[in-house]
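Peer 1: Sharing a structure here in structure tokens format.
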Amino acid sequence: NGNGWIIITPFNGTGSINNVHIKVDPDTTKHDGRTANITIAEQNIAIIQEGDSCSFSVSKDTLIFSASDSSQSIFLNASFEDCSWNSSNNGYEWVTINPEAEDGDKVINIHVNENMGDNRIAHITIAEKTIVIKQQAMN
Numbered sequence: 387n388g389n390g391w392i393i394i395t396p397f398n399g400t401g402s403i404n405n406v407h408i409k410v411d412p413d414t415t416k417h418d419g420r421t422a423n424i425t426i427a428e429q430n431i432a433i434i435q436e437g438d439s440c441s442f443s444v445s446k447d448t449l450i451f452s453a454s455d456s457s458q459s460i461f462l463n464a465s466f467e468d469c470s471w472n473s474s475n476n477g478y479e480w481v482t483i484n485p486e487a488e489d490g491d492k493v494i495n496i497h498v499n500e501n502m503g504d505n506r507i508a509h510i511t512i513a514e515k516t517i518v519i520k521q522q523a524m525n
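Following this note's numbering, the numbering of the sequence shown begins with 387 at its first residue and continues without gaps.
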């Protein structure tokens with residue numbers, strides 16, 4: 387059949403009926419699926435395999451900062467290299483995320499400005515994951 391991910395095995399039925407088993411291997415390389423056309427007994431058959439959706443995980447879901455101007459990093463893991471993601475500081479102007487958008491796995495730098503007021507908390511979003519940012523007050 388020319389498609390290494392499709393395996394066709396003859397299975398003899400009873401009487402004049404002959405059957406085949408069609409096995410489709412998992413698609414571990416792409417998340418957008420794949421298609422193929424095969425021919426059995428002069429009949430064209432379309433094979434459509436849906437892909438997996440992108441999923442993400444982060445190495446930390448809470449970061450705690452001192453009052454000083456400082457940075458920390460987290461690691462974002464994507465299920466596939468071509469899974470796109472973005473981030474948002476959700477309006478907390480004292481938090482900066484770098485990079486703001488990318489594809490695949492990435493080390494992400496989170497920077498907070500110096501805190502001259504009370505303890506503060508921000509909830510930022512990276513690849514649809516909420517990260518809690520806590521920053522201590524200046525003593």
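Virtual Cβ for every residue (Gly too), placed ideally from N, Cα, C. Remember, it's a predicted structure, so these values are computed and weren't measured experimentally.
1) Give the straight-line distance between the Cα atoms of ASP499 and THR421, rounded to the nearest whole angstrom.
2) Out of LYS515, ASP418, ASP413, ASN495, which one is the CA nearest neighbour of TRP471?
3) Give the straight-line distance between the Cα atoms of ASN463 and GLY490, rounded to the nearest whole angstrom.
4) Note down, in chain order, each residue of its chain lying with its Cβ closer than 8 angstroms to the Cβ of ASN430, except the 5 sequence neighbours on either side.
5) For ALA487, does the count of other Cβ atoms within 10 angstroms reach 16, so buried, or fall short, so exposed?
6) In chain order, what residues of the same chain lie with their CB nearer than 6 angstroms to the CB of ASP418, ignoring the 5 residues before and after it?
Peer 2: From the atom records:
1) According to the sequence displayed, residue 499 carries Asn and not Asp. Whole-angstrom Cα-Cα distance: 50 angstroms.
2) The option with the nearest alpha carbon to TRP471 is LYS515.
3) Cα to Cα, the separation comes out at about 7 angstroms.
4) Taking C-beta separations shorter than 8 angstroms and ignoring five residues to either side along the sequence, the partners of ASN430 in its chain run ASN423, ILE424, following chain order.
5) Burial call: exposed.
6) For ASP418, where only same-chain residues beyond five positions count, the Cβ hits under 6 angstroms are GLY437.
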